[in-house]
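Asker: Before anything else, here's the structure in question.
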Amino acid sequence: MKFIFALARKNLIKKPYRTLAMILLAALAAFTVFAGSIVVLSLNNGLKSYGERLGADVMVVPSEARTSGSFDDILLQGITGNYYITEAQLNRALSGVEGIEKVSTQFYLASVTASCCSSKLQIIGFDPETDFTVQPWIRERYSESLGDGDIIVGADITLNSSMTLQFYNVKCKIVARLDKTGTGLDTAVYTTIETIRQMAENAVILEHLTEGYDVSTSVSAAMIKVADGFDAQSVAGKINGRKGVKATTAQSYVSGVASGLNNVAGAIGAMVAVVWLLAAALIVVSFVMVCNERMKEFAVLRAMGASSSMNAKLLLTEIFAVTAIGAVTGVIFSAIVTFPLTSLIKSALSLPYLLPSFWAIALTVLGAIAATLVAGAVSALFAVARLNRSDAGLMLREDA
Amino acid sequence: MPLKAENISKTFIRNGKNTNSFYAVEETDLLLENGTVTAVVGRSGSGKTTLLNMLSGLLTPTSGKVFYDGEDVYSFDDDVRSKLRNKSVGVIPQGQTGLKSLTVYENVLLPAEMYGSVSEEIKERADELLKAVGIGSLKDEYPNELSGGELRRMAIARALVNKPSFVLADEPTGDLDDENTLAVLKLLRSVADQGAAVLIVTHEKDTLTFADKVYKMDAGKLSEVKKEE
Ligand SMILES: Nc1ncnc2c1ncn2[C@@H]1O[C@H](COP(=O)(O)OP(=O)(O)OP(=O)(O)O)[C@@H](O)[C@H]1O
Ligand SMILES: [Mg+2]
């Protein structure tokens with residue numbers, strides 16, 4: 005074996021261009037497989053975390069609410085068309101429904117044009133006591149509890165030097181700005197239900213909000229976390245049987261995004277498959293071609309006493325070395341390109357995009373290397389078959 | 092330790108108007124005795140290389156057997172047969188056979204490296220052989236820097252490095268000038284004198300004066316030529 009390794013090394017070194025071309029082919033395969041997988045995984049991961057960010061399993065809104073079951077509108081943008089329901093009414097609707105673990109109410113209000121922004125903003129008020137959907141990820145940016153008049157704004161909202169915004173004559177202090185998400189969250193404003201009710205009362209006075217609601221006891225929606233062992237769909241079904249409310253599940257929303265994402269992921273997956281197949285085919289063809297060209301060389305080795313299995317091992321060693329080096333280089337370059345471009349890819353795809361965990365990335369590294377080695381192994385099979393097809397005595401005659 | 096061929100023949104398929112097989116080498120016996128030089132002459136395409144490949148264990152005969160010192164070479168599997176060839180046969184193939192990624196010296200050491208490590212003794216032997224064929228100063232060059240004749244001489248040194256009992260040389264003096272032809276033939280003669288059985292395929296009349304026996308190959312038929320005094 006020592007002899008084979010030494011000879012393989014010399015063969016690779018003495019043909020630098022041939023070796024380099026092979027390494028590049030293998031690197032191309034590894035590059036695409038890795039980059040493609042990372043993008044697809046990030047999309048999936050993004051969707052998962054997005055689903056988690058929704059937090060609630062079921063959302064309940066007044067039955068008149070303008071939403072046609074679009075969870076996104078409600079949850080991420082707070083658009084219910086200014087329909088409200090009293091807490092008492094809501095409690096009645098939910099009472100006795102089995103499988104509800106947590107309930108937290110929210111209050112939504114659309115702003116009139118504010119100084120900061122060209123369009124209307126959605127203001128989302130949550131109840132810090134019971135909230136389990138908004139605060140977990142707000143805490144990534146702001147860990148203290150929100151005081152009266154404190155707001156947290158989405159990434160697309162321009163900050164001014166005073167760090168204040170005024171809504172319906174309520175002066176608010178911006179305490180944090182959230183990371184960009186590429187969704188409606190980026191133009192939302194978060195605050196406590198107390199603060200938003202002050203705004204709403206002013207809105208009624210200012211006649212921006214239709215009268216008839218008792219703002220201080222009304223809410224826009226209730227977020228529900230379903231207890232373990234219960235199905236969100238059936239809980240929503242039961243609530244839908246009650247009067248004055250309608251319920252939708254997060255799952256139906258997430259699956260909506262998921263299908264959009266599946267299209268993108270499918271396209272990227274197909275592209276990766278095509279490039280991998282192309283690179284694999286190129287690797288196979290070029291190795292077999294190189295092998296053809298080297299028949300005489302292998303025959304000379306046979307004449308000097310090498311067995312056909314030694315020749316096969318030599319060829320395998322060379323192919324393995326080249327594809328392994330190529331695979332590792334390809335993955336390294338791929339990582340260098342893919343990771344720094346994360347935010348660019350994110351905005352280009354305008355889909356939830358979140359890099360997978362360290363271990364998932366490590367697995368992807370191994371997977372991309374393995375996929376490349378498989379291409380090398382296939383070409384090695386062809387090449388060895390070619391090598392052993394004829395008697396050495398006949399190979400020796402080739403180009404003699 | 093003679094090399095003996097019994098009834099060996101080789102047929103090939105020729106794709107012509109009608110596909111038919113023909114004898115590249117017709118059934119023949121051949122004995123290469125230790126201490127002798129045997130020459131085979133014949134026209135191009137008459138079957139000399141085919142015969143030599145069968146003798147070296149590189150080409151399975153259509154019929155017949157090849158014995159190295161009484162052992163039936165083609166009864167062994169490829170691994171054993173290859174190792175046997177490495178140890179006991181020095182093959183000088185026709186044409187240019189330098190391995191391009193190895194230096195001249197590494198080429199010559201190659202057969203010794205295949206199944207073991209290279210001793211100082213073998214290294215010295217490689218140096219001596221390179222000097223004997225007149226390319227001692229080229230040992231660190233690569234094959235593509237050598238002339239055809241120099242490469243041929245490298246192949247001869249390479250074939251002899253493992254001290255083979257049988258030397259099978261296919262036109263070893265093909266590209267050589269008179270002076271080098273003589274040097275190579277003298278070398279092969281001395282290898283025979285030290286106990287090896289040497290077979291030389293040749294076009295060269297010179298070779299015949301060094302040979303103990305001369306055969307003629309004519310369209311696959313091997314016949315002994317009586318040497319006239
Ligand atoms: N693999 C093969 N398939 C078909 N025919 C072959 C094959 N190898 C050799 N032949 C034919 O067998 C015959 C003998 O070939 P061989 O190489 O033994 O000739 P040779 O005497 O060595 O010729 P030269 O002096 O030119 O080297 C030729 O007619 C050749 O065309
Ligand atoms: Mg020939």
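So the protein lines, in turn, are chains E and S. Numbering-wise (this note's numbering), the first sequence opens with residue 5 and increments by one. Numbering-wise (this note's numbering), the second sequence opens with residue 92 and increments by one. Ideal Cβ placement from N, Cα and C applies to all residues, glycine included.
#1: For E297 (chain E) and chain S, any beta-carbon pair shorter than 8 Å?
#2: Going by alpha carbons, who is nearest to Q185 (chain S) out of S:R244, S:T102, S:D163 and S:A288?
#3: Which of helix, strand or coil does DSSP assign to L242 (chain S)?
#4: Just checking: is the beta-carbon of N106 (chain S) within a distance shorter than 8 Å of some beta-carbon in chain E?
#5: Checking 8 Å against the spacing of the C-beta atoms, do T90 (chain E) and T191 (chain E) come in under that value?
#6: Any C-beta of chain E within less than 7 Å: which residues of the stretch 150 to 181 of chain S qualify?
#7: Hey, T199 (chain E) and D152 (chain E): beta-carbon distance below 8 Å or not?
#8: Any residue with its Cβ nearer than 7 Å to a heavy atom of ligand 2 should be included. What is that list in chain order?
#9: With a cut-off of 8 Å, do at least 3 Cβ pairs link the stretch 296 to 313 of chain S to the stretch 136 to 151 of chain S?
#10: How long is the line joining the alpha carbons of E297 (chain E) and L391 (chain E), rounded to whole angstroms?
#11: Give the DSSP-derived three-state secondary structure of G273 (chain E) in the structure shown.
#12: Could I get the ranges of all uninterrupted alpha helix (DSSP H) runs contained in the stretch 186 to 240 of chain E, with 4 residues as the minimum, in chain order?
#13: Going by beta carbon distance, what residues of the same chain come within less than 7 Å of S2 (chain E), once the five residues before and after it are set aside?
#14: Report the residues of the stretch 294 to 322 of chain E with a CB closer than 7 Å to any CB of chain S, ordered along the chain.
#15: In angstroms, rounded to a whole number, what distance separates the CA positions of L385 (chain E) and S312 (chain E)?
#16: Roughly how many angstroms separate the alpha carbons of I228 (chain E) and V64 (chain E), rounded to a whole number?
#17: Counting C-beta neighbours from all protein chains within 10 Å, is the total for F302 (chain E) 16 or more, i.e. buried, or is it exposed?
#18: Indicate the three-state DSSP secondary structure (helix, strand or coil) for V142 (chain S) in the structure shown.
#19: Specify whether the stretch 222 to 240 of chain S and the stretch 191 to 199 of chain S touch according to this definition: at least 3 beta carbon pairs, one from each stretch, less than 8 Å apart.
#20: Below 8 Å, can you find three or more Cβ-Cβ pairs linking the stretch 361 to 380 of chain E to the stretch 27 to 35 of chain E?
#21: Along the beta strand (DSSP E) that carries G334 (chain E), what are the first and last residues, could you check?
#22: Would you check whether ligand 1 has a heavy atom nearer than 7 Å to the C-beta of G136 (chain S)?
#23: If the cut is a Cβ gap below 9 Å, which residues of chain S does N48 (chain E) touch?
#24: Specify whether the stretch 321 to 331 of chain E and the stretch 12 to 31 of chain E touch according to this definition: at least 3 beta carbon pairs, one from each stretch, less than 8 Å apart.
#25: Can you tell me whether DSSP reads P66 (chain E) as helix, strand or coil?
#26: Starting from the beta carbon of F7 (chain E), find every residue of chain S whose beta carbon is closer than 7 Å, and list them in chain order.
#27: Looking at C-beta atoms only, is the number of pairs between the stretch 208 to 220 of chain S and the stretch 173 to 185 of chain S that lie closer than 8 Å three or more?
#28: Check whether the Cβ atoms of L45 (chain E) and A277 (chain E) sit closer than 8 Å, and answer yes or no.
#29: Please list, in chain order, all residues of the same chain as E124 (chain S) whose beta carbon is under 7 Å from its beta carbon, the five residues on each side excluded.
#30: Please list the terminal residues of the continuous alpha helix (DSSP H) segment that includes E212 (chain S).
#31: Closest to D218 (chain S) by C-alpha separation, out of S:E117, S:S192, S:L200 and S:E262, would be which residue?
#32: Are the C-beta atoms of T293 (chain S) and some chain E residue less than 8 Å apart?
#33: Any beta carbon of chain S sitting closer than 8 Å to that of L350 (chain E)?
#34: I'd like to confirm something about R105 (chain S): is its beta-carbon nearer than 7 Å to some heavy atom of ligand 1, or not?
#35: Is M299 (chain E) close to ligand 1? I mean its beta-carbon at under 7 Å from any heavy atom of the ligand.
#36: Who does D261 (chain S) pair with in a DSSP beta bridge?
Answerer: On the basis of the coordinates in this document:
#1: Taking the first residue of the first sequence as position 1, residue 297 (chain E) is located at position 293. Not an interface residue.
#2: The residue you call residue 185 (chain S) lines up with position 94 of the second sequence. It is S:R244 whose Cα lies nearest to the Cα of Q185 (chain S).
#3: In the second sequence, residue 242 (chain S) corresponds to position 151, counting from 1. It is helical.
#4: In the second sequence, residue 106 (chain S) corresponds to position 15, counting from 1. With 8 Å as the cut-off, N106 (chain S) does not count as an interface residue toward chain E.
#5: Numbered from its first residue, the first sequence carries residue 90 (chain E) at position 86. Numbered from its first residue, the first sequence carries residue 191 (chain E) at position 187. For the 8 Å CB-CB criterion, T90 (chain E) and T191 (chain E) do not form a contact.
#6: So the close ones are L150, T151, D169, D170, S173, K174, R176 and N177.
#7: Within the first sequence, the letter at position 195 stands for residue 199 (chain E). Within the first sequence, the letter at position 148 stands for residue 152 (chain E). Yes, these two residues count as a Cβ contact at 8 Å.
#8: Going down the chain, each residue whose beta-carbon is closer than 7 Å to a heavy atom of ligand 2 shows up: S:K139, S:T140, S:Q185, S:D261, S:E262 and S:V292.
#9: Yes, since at least three Cβ pairs between the stretch 296 to 313 of chain S and the stretch 136 to 151 of chain S fall closer than 8 Å, the two stretches touch.
#10: For this step, residue 297 (chain E) is matched to residue 293 along the first sequence. For this step, residue 391 (chain E) is matched to residue 387 along the first sequence. Cα to Cα, the separation comes out at about 11 Å.
#11: Within the first sequence, numbered from 1, the residue matching residue 273 (chain E) stands at position 269. G273 (chain E): helix per DSSP, three-state reduction.
#12: Listed in chain order, they are 197 to 209.
#13: Look at the range of chain E in this structure, 5 to 404, and you will see that residue 2 (chain E) is not part of it.
#14: Correct list: E301, V304, R306, A307, M308, G309, A310, S311, S312 and S313.
#15: To locate residue 385 (chain E), count along the first sequence from 1; it is residue 381. To locate residue 312 (chain E), count along the first sequence from 1; it is residue 308. For L385 (chain E) and S312 (chain E), the distance between alpha carbons rounds to 14 Å.
#16: One-based indexing of the first sequence puts residue 228 (chain E) at position 224. One-based indexing of the first sequence puts residue 64 (chain E) at position 60. The alpha-carbon separation between I228 (chain E) and V64 (chain E) amounts to approximately 8 Å.
#17: Position 298 of the first sequence, counted from the first residue, corresponds to residue 302 (chain E). Of the residues assessed, F302 (chain E) falls on the buried side of the cut-off, its CB having 16 or more other CB atoms within 10 angstroms.
#18: The residue given as residue 142 (chain S) occupies position 51 in the second sequence. Just to set this straight, residue 142 (chain S) is Leu in the shown sequence, not Val. Residue state, collapsed to three classes: helix.
#19: The stretch 222 to 240 of chain S is in contact with the stretch 191 to 199 of chain S.
#20: The stretch 361 to 380 of chain E, when compared against the stretch 27 to 35 of chain E, does touch it at the 8 Å Cβ threshold.
#21: Taking the first sequence and counting its residues from 1, the one referred to as residue 334 (chain E) is at position 330. Taken as a continuous stretch (DSSP letters only), G334 (chain E) belongs to no beta strand (DSSP E), being part of the alpha helix (DSSP H) at S312 to T342.
#22: In the second sequence, counting from the first residue as 1, residue 136 (chain S) sits at position 45. Yes - ligand 1 has a heavy atom lying nearer than 7 Å to the Cβ of G136 (chain S).
#23: Here residue 48 (chain E) refers to the residue found at position 44 of the first sequence. Correct list: empty, because the minimum Cβ distance to chain S is about 47 Å.
#24: With a cut-off of 8 Å, the stretch 12 to 31 of chain E and the stretch 321 to 331 of chain E count as touching, because enough Cβ pairs lie within range.
#25: What you label residue 66 (chain E) is simply residue 62 of the first sequence in a count that begins at 1. P66 (chain E): strand per DSSP, three-state reduction.
#26: Your numbering for residue 7 (chain E) matches position 3 in the first sequence. Ordered by position in chain S, the residues that pass the 7 Å Cβ test against F7 (chain E) are E204 and M205.
#27: Touching, no.
#28: Your numbering for residue 45 (chain E) matches position 41 in the first sequence. Your numbering for residue 277 (chain E) matches position 273 in the first sequence. Not a contact, by the Cβ cut-off of 8 Å.
#29: Stepping through the second sequence from its first residue, residue 124 (chain S) is reached at position 33. P93 and A288, listed in sequence order.
#30: As a working note, residue 212 (chain S) is residue 121 in the second sequence. Run containing E212 (chain S): E211 to A223, per the alpha helix (DSSP H) assignment.
#31: Reading the second sequence from its first residue, position 127 is the one you call residue 218 (chain S). Closest option to D218 (chain S), Cα to Cα, is S:L200.
#32: For the purposes of this step, residue 293 (chain S) is taken as residue 202 along the second sequence, with counting starting at 1. For T293 (chain S), the answer is no, since every Cβ of chain E falls outside 8 Å of its Cβ.
#33: If you number the first sequence from 1, residue 350 (chain E) lands on position 346. Note that residue 350 (chain E) is Lys in the sequence shown here, rather than Leu. Output row for K350 (chain E): interface = no.
#34: Taking the second sequence and counting its residues from 1, one reaches residue 105 (chain S) at position 14. Yes, the beta carbon of R105 (chain S) sits closer than 7 Å to at least one heavy atom of ligand 1.
#35: Position 295 of the first sequence, counting from 1, holds the residue named residue 299 (chain E). Flag unset: Cβ of M299 (chain E) not near ligand 1.
#36: Translated into the one-based positions of the second sequence, residue 261 (chain S) becomes position 170. Paired residue(s): S:V292.
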